[in-house]
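Enquirer: Encoded as structure tokens, here's the structure I'll be asking about.
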Amino acid sequence: MSNDTLSRSGNRKNNQKKEKKPGPQKKKKISGKRVAWTLFFTAAFAIFVALAGYLFIMVSGERILQANFDKMTVNETSKVYDRNGEEISELSIEKRDPVEGEEIPQILKDAFIATEDRRFYEHNGVDLWAIGRAAVTDIMARSLVEGGSTISQQLAKNVFLTRDKTFFRKATEMSIALAIERNYSKDEILTMYLNRTWFGYQNYGIQTASEFYFGKSDLNELEIWEVATLAAIPKGPSAYNPAGNPNDSKERRGVVLQLMYDQGYISKEEMDEAKAVDYAYERPEEEKKYVAYVDYVLKEAERVTGKTTDDLNIGGYKIYTAMAPEAQEAVEAAFKNDELFEESASDQKVQGSMVIMDHATGGIVAMQGGRDYQRQGWNRATSSYRQPGSAFKPIASYAPALETGDFTMNTPLSNSEQCFGDYCPRNLHGYSNTIGMADAITTSENIPAVWLLNEIGVNTGYEFAEKLGITMTDGDRNLSMALGGLDKGTNTLEMAAAYSAFANRGQYQEGHAITRIENSDGKVIYEYESNAEQVMSEQTAYQMTEMMQEVVNSGTGTSAKLDRPVAGKTGTTQSGYEGNSSNRDVWFVGYTPEYTAAVWMGYDNPDQQHLLKNSSRLAATFFKTVMEKALEGVERKEFFVPDSEIPEVTEPPVEEEEPETDLTVSGLSASYDKEAQAVSLSWSGSSTEGLQYRIYRKETSEGSFSRIQDQISGTSATDTGALPGLTYEYYVTVINPENGEDASESNHVSLFIEPEEEAPVTPEQPEVPENPGTDPGQGEENPDNNGNGNGEGTGAETGEGNGPGNEGNGGNGSGNGNAGNGEGQGGNDTGNAGNGTTEPPSNGGGGNNEGGETPPEETTPPSGEISPPGEDSPPTTTVPGTTTP
7 MSNDTLSRSG NRKNNQKKEK KPGPQKKKKI SGKRVAWTLF FTAAFAIFVA LAGYLFIMVS
67 GERILQANFD KMTVNETSKV YDRNGEEISE LSIEKRDPVE GEEIPQILKD AFIATEDRRF
127 YEHNGVDLWA IGRAAVTDIM ARSLVEGGST ISQQLAKNVF LTRDKTFFRK ATEMSIALAI
187 ERNYSKDEIL TMYLNRTWFG YQNYGIQTAS EFYFGKSDLN ELEIWEVATL AAIPKGPSAY
247 NPAGNPNDSK ERRGVVLQLM YDQGYISKEE MDEAKAVDYA YERPEEEKKY VAYVDYVLKE
307 AERVTGKTTD DLNIGGYKIY TAMAPEAQEA VEAAFKNDEL FEESASDQKV QGSMVIMDHA
367 TGGIVAMQGG RDYQRQGWNR ATSSYRQPGS AFKPIASYAP ALETGDFTMN TPLSNSEQCF
427 GDYCPRNLHG YSNTIGMADA ITTSENIPAV WLLNEIGVNT GYEFAEKLGI TMTDGDRNLS
487 MALGGLDKGT NTLEMAAAYS AFANRGQYQE GHAITRIENS DGKVIYEYES NAEQVMSEQT
547 AYQMTEMMQE VVNSGTGTSA KLDRPVAGKT GTTQSGYEGN SSNRDVWFVG YTPEYTAAVW
607 MGYDNPDQQH LLKNSSRLAA TFFKTVMEKA LEGVERKEFF VPDSEIPEVT EPPVEEEEPE
667 TDLTVSGLSA SYDKEAQAVS LSWSGSSTEG LQYRIYRKET SEGSFSRIQD QISGTSATDT
727 GALPGLTYEY YVTVINPENG EDASESNHVS LFIEPEEEAP VTPEQPEVPE NPGTDPGQGE
787 ENPDNNGNGN GEGTGAETGE GNGPGNEGNG GNGSGNGNAG NGEGQGGNDT GNAGNGTTEP
847 PSNGGGGNNE GGETPPEETT PPSGEISPPG EDSPPTTTVP GTTTP
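The sequence shown maps to residues 7 to 891 in my numbering.
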């Protein structure tokens with residue numbers, strides 16, 4: 007080991023010897039002077055914070071009070087007036103009727119002071135003793151359970167603050183209470199408090215409570231037990247009111263009476279007597295009228311003034327409306343009449359809504375939001391959006407088409423069975439080549455409305471509906487809009503406003519209920535200004551009115567007829583369930599020269615168990631019932647006629663081809679001639695001369711049709727290639743002379759050819775009269791059989807008869823023996839007497855063809871669905887020896 011290494015090792019040992027373990031340090035002594043200065047600065051800081059807090063509270067309370075000084079004034083509840091200036095309702099559900107201080111008896115003031123704030127006349131708005139007591143209670147409970155508020159603080163809370171119990175709100179409450187004490191006298195504060203306190207059941211103020219619970223509007227008539235009962239309520243308005251909780255109310259009344267006695271306000275005898283009273287509250291019956299209308303007025307008032315519901319409720323406003331009491335009462339009476347509604351399901355009620363407007367002003371004269379409507383309930387007139395069905399055709403299709411100038415109400419429209427791309431609407435009443443616009447509306451055909459919208463363009467109909475105030479969505483930009491298949495739907499308020507434009511010379515005004523609002527000083531703060539807009543010409547409005555009068559006079563809306571002019575349109579929405587013919591919605595929207603109204607009926611939540619069995623006649627009948635009463639005693643008027651002439655547009659193109667070329671074929675029928683062993687075909691040809699036709703046929707086992715004859719110049723032909731025992735289907739096409747292609751095809755017919763059988767032995771035939779008689783023809787063995795159809799069978803004997811066929815059509819029949827069974831089909835409405843061969847008891851059975859008084863309305867499938875064929879256009883059927891077009 008080197009000397010250097012030994013030297014370094016020795017140094018380390020010496021250093022280790024010098025290091026010592028740390029020992030306990032001595033605490034420094036704190037001088038009394040330092041403690042004194044610390045306490046001084048702490049106290050100074052606490053005083054500064056307290057002063058700052060006090061100043062903040064003072065300034066904050068004063069600032070809040072001055073900024074909302076008008077809230078300290080207690081106004082009456084705002085009132086609503088009808089168009090005649092008569093009061094119809096109080097706007098608010100909160101009842102308020104403030105009184106002056108001198109109208110409040112001293113015993114009533116004493117009761118509230120003894121119960122709520124015994125040191126009321128001693129403190130300056132904040133009672134420190136009460137706060138200390140409450141603080142101890144809160145600390146013990148570890149939460150804010152006792153307020154310790156003075157009457158001044160409660161007033162501040164009622165006027166400016168919420169009922170939350172937080173330290174910040176409590177501080178703000180105290181600051182406002184101090185400000186109130188500096189600006190008002192004790193008696194003024196107590197009077198304001200009694201006028202603003204809530205006493206349960208929407209009753210605000212001591213006089214309103216007195217009248218509600220005891221029927222006494224004069225507070226001086228109250229007995230001590232009644233005074234104590236009222237003073238007991240503010241502690242818990244829901245728990246201690248005598249109407250809802252009579253036992254708890256009596257118990258709390260005893261506490262109040264004890265406090266009054268303890269503080270010397272009443273004697274012991276008075277206390278005991280008042281405690282012993284038992285009170286069975288009987289709430290007075292009150293008729294609730296105009297509830298839905300008043301609810302709508304409140305919402306409209308909020309919108310046009312920008313004020314809150316609370317401000318409007320207690321602002322003492324006078325709100326003047328367009329309501330006609332006779333119309334509103336007629337609507338409400340109808341909604342109470344169960345006979346006007348379809349029988350409801352056990353778990354859901356058939357509902358409805360109705361709006362009546364004065365189309366000259368746009369004023370809503372009546373409104374009902376549903377059956378058994380409750381205050382601030384769901385107003386279906388404004389909030390229930392439903393598909394309007396055919397009632398939308400005038401809005402989306404017919405009126406915008408008239409506005410283009412290319413169509414009039416006399417214009418023929420396409421009514422043939424057709425598809426528009428993937429959309430294939432159906433008619434309920436069958437099809438034809440064309441139909442006049444007026445007839446299409448009257449019978450509510452679907453094809454013409456869709457075809458017309460397709461002609462003018464979907465955007466044209468969409469934009470026209472928007473101009474009439476209908477809420478549209480991008481999902482409505484399709485042809486189903488023509489039939490009311492809307493994405494969101496619409497409501498009775500929108501529909502009434504839209505139709506009012508037809509009645510008002512083409513001018514649209516948004517429906518409004520309020521005409522004027524005055525504040526408590528009588529100053530007008532809002533007045534309705536007309537926003538009428540000319541959305542269509544007078545000529546269009548006139549033509550729509552003319553056509554929709556026919557809907558009521560002879561079409562689908564006859565149930566809405568009145569003893570004055572009526573125009574309108576029905577609407578029905580199908581169930582949307584396959585095989586279910588019930589309806590989701592039924593509508594009638596119509597107008598007289600005075601009023602426009604819209605009616606909807608249906609279930610709120612439709613499903614397979616909650617659908618309507620009735621049609622739109624139900625809504626039309628409801629319209630009639632209401633309007634008869636609403637217009638009772640009103641002078642009859644006539645619809646307007648425009649000064650200028652209606653433009654003549656007689657024959658716009660229905661097809662792309664030249665209008666003079668008719669390339670249609672229809673009315674195909676077929677029958678089998680046993681003697682000739684051939685099928686006879688006939689049809690209604692084109693009105694254009696010189697056209698030729700083709701015949702197509704297939705046997706039921708074949709997959710496609712074959713052309714069997716070509717270039718036929720007439721309107722009849724014979725097929726000799728058909729074999730007995732098989733069923734054949736035929737159709738005919740017309741050949742386009744320009745390109746030789748098939749232009750259109752006829753209806754399809756099916757024919758079953760009976761297999762050949764051995765001829766039966768026929769007995770000698772009776773003589774046949776030279777001229778047919780008026781009675782059914784008589785056979786030798788069966789004088790009771792007549793020849794009104796076609797029948798075939800087998801048997802042992804044969805009889806012949808000669809007589810006129812039913813429905814004006816000659817009947818032909820043949821059969822054999824008792825075992826013969828025949829089938830037949832009734833003839834057309836015209837025809838000649840025919841000769842028939844009948845045998846007992848083989849009669850041809852014929853179908854009936856009865857005409858109805860009112861054509862059923864076309865129904866609209868739910869949005870996005872395709873309507874199935876109607877009952878008047880059944881699928882092709884096969885009947886032996888007959889045809890079904």
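Where a beta carbon is used, it is the ideal one built from N, C-alpha and C, also for glycine.
Could you say if the stretch 334 to 345 and the stretch 580 to 591 meet the contact criterion of at least three C-beta pairs nearer than 8 Å?
Expert: no
Enquirer: Report the option in 555, 132, 438 whose CA atom is closest to the CA atom of residue 155.
Expert: The shortest C-alpha separation from residue 155 is found at 132.
Enquirer: Please name the residue in 718, 715, 735 whose C-alpha comes closest to that of residue 709.
Expert: Selected option, being the one with the closest Cα: 735.
Enquirer: In the DSSP output, which residue or residues are listed as bridge partners for residue 86?
Expert: 95, 325
Enquirer: Are there three or more Cβ pairs, one per stretch, closer than 8 Å when the stretch 311 to 328 is compared with the stretch 610 to 619?
Expert: No: fewer than three Cβ pairs fall under 8 Å.
Enquirer: So, at 6 Å on beta carbons, what are the nonlocal neighbours of residue 770 in its own chain, with the 5 sequence-adjacent residues on each side left out?
Expert: Per-residue confidence for residue 770 stands at a pLDDT of 40, beneath the threshold of 50, marking its modelled position as unreliable; no derived number is given.
Enquirer: Taking the straight line between their C-alpha atoms, what separation do you get for residue 523 and residue 160?
Expert: The straight-line gap from Cα to Cα measures roughly 32 Å.
Enquirer: So, using beta-carbon positions, are residue 104 and residue 122 closer together than 9 Å?
Expert: no
Enquirer: Would residue 646 and residue 483 be called neighbours here (beta carbons separated by less than 9 Å)?
Expert: no
Enquirer: Check for me: the beta strand (DSSP E) holding residue 302 runs from which residue to which?
Expert: Premise fails: residue 302 lies in the alpha helix (DSSP H), 297 to 311, not in any beta strand (DSSP E).
Enquirer: Can you give me the C-alpha to C-alpha distance between residue 617 and residue 435, rounded to a whole angstrom?
Expert: Rounded to the nearest angstrom, the gap between the Cα atoms of residue 617 and residue 435 is 23 Å.
Enquirer: According to DSSP, is residue 677 helix, strand or coil?
Expert: strand
Enquirer: If I follow the unbroken alpha helix (DSSP H) through residue 119, where does it start and stop?
Expert: 112 to 122
Enquirer: Classify residue 668: buried if its beta carbon has 16 or more other beta carbons within 10 angstroms, exposed otherwise.
Expert: Note on residue 668: 16 or more other CB atoms within 10 angstroms of its CB, so buried under the neighbour-count rule.
Enquirer: Identify, in the order they occur along the chain, each residue of the same chain with its Cβ nearer than 8 Å to the Cβ of residue 671, setting aside the five sequence neighbours on each side.
Expert: 689, 690, 691, 692, 699, 738, 739, 740, 750, 751, 752
Enquirer: If you draw a straight line from the C-alpha of residue 500 to the C-alpha of residue 602, how long is it?
Expert: 11 Å
Enquirer: Quick one: give me the first and last residue of the alpha helix (DSSP H) that residue 465 is part of.
Expert: 464 to 473
Enquirer: Going along the chain, which unbroken runs of the alpha helix (DSSP H) with 4 or more residues stay wholly within the stretch 163 to 232?
Expert: Runs found: 173 to 189, 192 to 202, 212 to 220.
Enquirer: Are residue 396 and residue 459 close, meaning C-beta to C-beta below 9 Å?
Expert: Taking 9 Å as the Cβ cut-off, residue 396 and residue 459 do not qualify as a contacting pair.
Enquirer: Ignoring anything shorter than 4 residues or poking outside the stretch 407 to 470, list the alpha helix (DSSP H) runs there in chain order.
Expert: Whole alpha helix (DSSP H) segments, 4+ residues: 443 to 448, 453 to 462.
Enquirer: Opposite residue 363 in the DSSP bridges: which residues?
Expert: Partner(s): 370, 602.
Enquirer: For the pair the stretch 374 to 394 and the stretch 521 to 540, tell me if three or more CB-CB distances fall below 8 Å.
Expert: no
Enquirer: On a Cα-Cα basis, can you pick out the residue from 192, 222, 573, 498 that is closest to residue 447?
Expert: Ranking the options by Cα distance to residue 447, first place goes to 573.
Enquirer: Are there three or more Cβ pairs, one per stretch, closer than 8 Å when the stretch 349 to 366 is compared with the stretch 455 to 474?
Expert: no
Enquirer: From the DSSP secondary-structure annotation, give me the bridge partner or partners of residue 283.
Expert: Per DSSP, residue 283 has no beta-bridge partner at all.
Enquirer: Can you tell me where the beta strand (DSSP E) with residue 354 in it begins and where it stops?
Expert: Per DSSP, residue 354 belongs to no beta strand (DSSP E) and is neither H nor E.
Enquirer: Need the endpoints of the alpha helix (DSSP H) that residue 630 sits in, please.
Expert: 623 to 636
Enquirer: In the stretch 463 to 540, which residue ranges form an unbroken alpha helix (DSSP H) of at least 4 residues, counting only runs that do not cross its ends?
Expert: You should have 464 to 473, 498 to 509.
Enquirer: Is residue 40 buried or exposed, if buried means 16 or more other CB atoms sit within 10 Å of its CB?
Expert: Counting the other Cβ atoms within 10 Å of the Cβ of residue 40 gives fewer than 16, which makes it exposed.
Enquirer: Opposite residue 687 in the DSSP bridges: which residues?
Expert: 676, 723
Enquirer: From this set, 629, 46, 249, 108, which residue's C-alpha is nearest residue 339's C-alpha?
Expert: Of the candidates 629, 46, 249, 108, the residue whose Cα lies closest to the Cα of residue 339 is 629.
Enquirer: Output the boundary residues of the alpha helix (DSSP H) element that contains residue 258.
Expert: 252 to 268
Enquirer: Does the contact criterion of 3 or more C-beta pairs under 8 Å hold for the stretch 507 to 521 versus the stretch 541 to 555?
Expert: yes
Enquirer: Among 432, 546, 475, whose alpha-carbon lies nearest the alpha-carbon of residue 580?
Expert: 432
Enquirer: Quick one, which of 87, 465, 713 has its alpha-carbon nearest residue 520's?
Expert: 87
Enquirer: For residue 221 and residue 96, I'd like the C-alpha separation in whole angstroms.
Expert: When the Cα atoms are used, residue 221 and residue 96 turn out to be separated by approximately 19 Å.
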